[in-house]
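So the protein sequences, as listed, match chains L and E. For the first sequence, our numbering assigns the number 2 to the initial residue and increments by one for each residue that follows. For the second sequence, our numbering assigns the number 2 to the initial residue and increments by one for each residue that follows. Below is one structure, written out as structure tokens; comments come after it.
There are 2 protein chains.
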Amino acid sequence: MTFMEKIRAAWRSNNSLVCVGLDPDLNKLPGCVQHLPRPIFEFNRAVIDATADLVCAYKPQAAYYAGQNADEQLRLTIDYIHENYPDIPVILDVKRGDIGPTATMYAKEAFDRYQADAVTVNPYLGMDSLQPFIEHRERGVIVLCRTSNPSSGELQELVCDHKTIFEHVAILARDKWNVNNNILLVIGATFPDELAKIRKLCPDMPFLVPGVGAQGGDVKKVIENGATADGIGLIINSSRGIIYADNTENFAAAAAAATDELRHTINQYRKNHKS
Amino acid sequence: MTFMEKIRAAWRSNNSLVCVGLDPDLNKLPGCVQHLPRPIFEFNRAVIDATADLVCAYKPQAAYYAGQNADEQLRLTIDYIHENYPDIPVILDVKRGDIGPTATMYAKEAFDRYQADAVTVNPYLGMDSLQPFIEHRERGVIVLCRTSNPSSGELQELVCDHKTIFEHVAILARDKWNVNNNILLVIGATFPDELAKIRKLCPDMPFLVPGVGAQGGDVKKVIENGATADGIGLIINSSRGIIYADNTENFAAAAAAATDELRHTINQYRKNHKS
Chain L
2 MTFMEKIRAA WRSNNSLVCV GLDPDLNKLP GCVQHLPRPI FEFNRAVIDA TADLVCAYKP
62 QAAYYAGQNA DEQLRLTIDY IHENYPDIPV ILDVKRGDIG PTATMYAKEA FDRYQADAVT
122 VNPYLGMDSL QPFIEHRERG VIVLCRTSNP SSGELQELVC DHKTIFEHVA ILARDKWNVN
182 NNILLVIGAT FPDELAKIRK LCPDMPFLVP GVGAQGGDVK KVIENGATAD GIGLIINSSR
242 GIIYADNTEN FAAAAAAATD ELRHTINQYR KNHKS
Chain E
2 MTFMEKIRAA WRSNNSLVCV GLDPDLNKLP GCVQHLPRPI FEFNRAVIDA TADLVCAYKP
62 QAAYYAGQNA DEQLRLTIDY IHENYPDIPV ILDVKRGDIG PTATMYAKEA FDRYQADAVT
122 VNPYLGMDSL QPFIEHRERG VIVLCRTSNP SSGELQELVC DHKTIFEHVA ILARDKWNVN
182 NNILLVIGAT FPDELAKIRK LCPDMPFLVP GVGAQGGDVK KVIENGATAD GIGLIINSSR
242 GIIYADNTEN FAAAAAAATD ELRHTINQYR KNHKS
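The following block contains the structure:
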């Protein structure tokens, strides 16, 4: 099953466009997991078990594992999802971007070492830096287009031939990079007008949308401007708003409640949608 | 000592602008190290011992360690350089680019976990994605500007307000991001004309120049177009051309010979340079 098939199936079976970002900062984990031998993995496992019927994907952010010397706990987390919830795809958020031979090694990291179903990548180096990911036809390759952070406009909003750089990325993704039909785009929820523009350029391409929750993106606008004609097409990520919903031993139930609330909020804005 | 001071001192003390890229692919290592328990580290150690008086920096490429499950051997390699050759700075080539809180974790990875003196970063997300690196004043932050790979022009050559995207990056780096005087730029040796343009924009900023050797960049043009007025200002990286100079038990001596040859070739083109 390809990533594209897997995400479409998960959207429908869990009736959810919510992706939970697994970005565990050791300093913010509840006291009850802090003393465990593998606190990050145990925290993730509890969040996953509590939310697996409410999400369309999980997205571990590699930096939290790399920065906290927790590569093994990242592997355990992804293995745990595959073994226990094989229908939920895992997006490894790494935002890699490097020359061909190096990108080949990064593809090995994401797809062989960590067995991710999809990976995020940076478009700044162009096609040959994406090729080693793209050629894994069954995996998803999610290209940064318009990111959710405050400074994203410094380069992304520059205008060339009446189109912004992020529009150029969307067009390259659509016309040149999507040879294996496994490309998606990252569009931040904090820029809903841009989301509408890019949806017009790429009517059917799935988008990964970070920036609701802690970053303040407006869910209603995200759905209205970003969903495909059939009311899906979005993987809406929330990390901090879900995993830190509660800081006591009740954290997993609180994460589930926050996930379900976001799912419900999203679903009420989806066109022709039956709850 | 800051990275900038360290690299300037190493340029002079070793009379060298050569940076050796430590990008060890297990499949390409000589048979004599393949059977060792930590083959990548042992290979690196031999190359380092043979070349430490001929280089201005080492640049391990993180992908080769991440993709081959060799994080520990990366740490050992960097520790080995710091302990035995404390005057040679280590550039960790990771090309990170992510939103603020995530970039903070990546800065922890590069500077705390691996103790790199400098790190490469991707500019696509703008200032707030670079800030967590920049605020480590004593470390170097090396921003991708014009990369050496064939597709680099897809975005980098787009023209906005009569300037290419890579020129915009150079100007942002010079005027906005360099608040702590610790920014450098990556300019591929495969684009010597662009190197000249960017040197004009940033007369004093050090550049990391990959792409000589296996990628075919012309050393003479790199020096003529890229050196600062005092004949330095460049960190010229070669990886495959040096570390795979020989595939027998003679690999370290061959790496030293290739390094010295590149150093000599570079030095003969440096202005006012005494060998």
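From the three backbone atoms N, C-alpha and C, an ideal C-beta is built for every residue, glycine too.
Within chain L, no residue has its CB atom less than 9 Å from the CB of E:D118, the nearest being about 18 Å off. Between L:G217 and L:G234, the alpha-carbon positions lie close to 21 Å from each other.
Every beta strand (DSSP E) stretch that sits fully inside the region 95-167 of chain E and reaches 3 residues is listed by chain position as 119-122, 141-147. Per the coordinates, the alpha-carbon of E:V56 lies some 8 Å from the alpha-carbon of E:R264.
Looking at the DSSP output, L:N238 bridges to L:C20. Distances from the alpha-carbon of E:D72 to those of L:L156, L:D129, L:E110, L:P90 put L:E110 closest.
For E:V210, the uninterrupted beta strand (DSSP E) run begins and ends at 208-210, by DSSP. E:V223: member of the alpha helix (DSSP H) spanning 220-227, first to last residue.
The beta-bridge partner set that DSSP reports for E:Q62 consists of E:D94.
When the Cα atoms are used, L:R114 and L:D80 turn out to be separated by approximately 11 Å.
Between L:V187 and L:L156, the gap from beta carbon to beta carbon reaches 8 Å or more. Taking the beta carbon of L:I199 as reference, no residue of chain E falls within 9 Å; the closest one sits roughly 16 Å away. Excluding five sequence positions before and after E:F42, the CB atoms of its chain that fall closer than 7 Å to its own CB belong to Q74, L77, T78, given in chain order. Beta-bridge analysis with DSSP links L:L186 to L:V144, L:F208.
Residues of chain E whose Cβ lies closer than 7 Å to the Cβ of L:K29 do not exist; the shortest such Cβ separation is about 11 Å.
In this structure, L:Q69 sits away from L:G22, with a CB-CB distance that is not shorter than 8 Å. The residue among E:T148, E:N183, E:A256 with its C-alpha nearest the C-alpha of E:I166 is E:T148.
Counting along the chain, E:K272 sits inside no alpha helix (DSSP H), nor does DSSP assign it H or E at all. With respect to E:L173, E:P207 sits apart: the two C-beta atoms are not nearer than 8 Å. Membership of L:A10 in the alpha helix (DSSP H) is indicated by the continuous run 4-14.
A straight-line Cα-Cα distance of about 7 Å links E:S153 and L:Y125. Not a single C-beta of chain E is nearer than 8 Å to the C-beta of L:M206. DSSP places L:G32 in the uninterrupted alpha helix (DSSP H) bounded by 32-35.
Taking 8 Å as the cut-off, the beta carbon of E:V95 is found no closer than this to the beta carbon of E:A119. E:M5 is not a Cβ neighbour of E:N226, given a cutoff of 8 Å. Looking only at E:A253, E:A197, E:D26, the smallest Cα-Cα distance to E:T229 is reached by E:A197.
In the three-state DSSP reduction, L:V170 falls in the helix class (H, G or I). Between E:Q62 and chain L, the shortest Cβ-Cβ separation is below 8 Å. Of L:R46, L:W178, L:I100, L:K201, the smallest CA-CA separation from L:H137 is found for L:W178. If you draw a straight line from the Cα of L:Y59 to the Cα of L:G214, it comes to about 16 Å. Judged by their CB atoms, L:G98 and L:V122 are nearer to each other than the 8 Å cut-off. Interface annotation, E:L75: not in contact with chain L, CB-CB separation never under 8 Å. The residue among L:D88, L:Q269, L:V220 with its C-alpha nearest the C-alpha of L:A10 is L:D88. Between E:V48 and E:I244, the C-beta spacing is below 8 Å. Against chain E, a Cβ distance below 7 Å from L:L159 picks out C161, I166, H169. Distance from the Cα of L:P151 is smallest, within the candidate group L:F192, L:L93, L:T3, L:A253, for L:F192.
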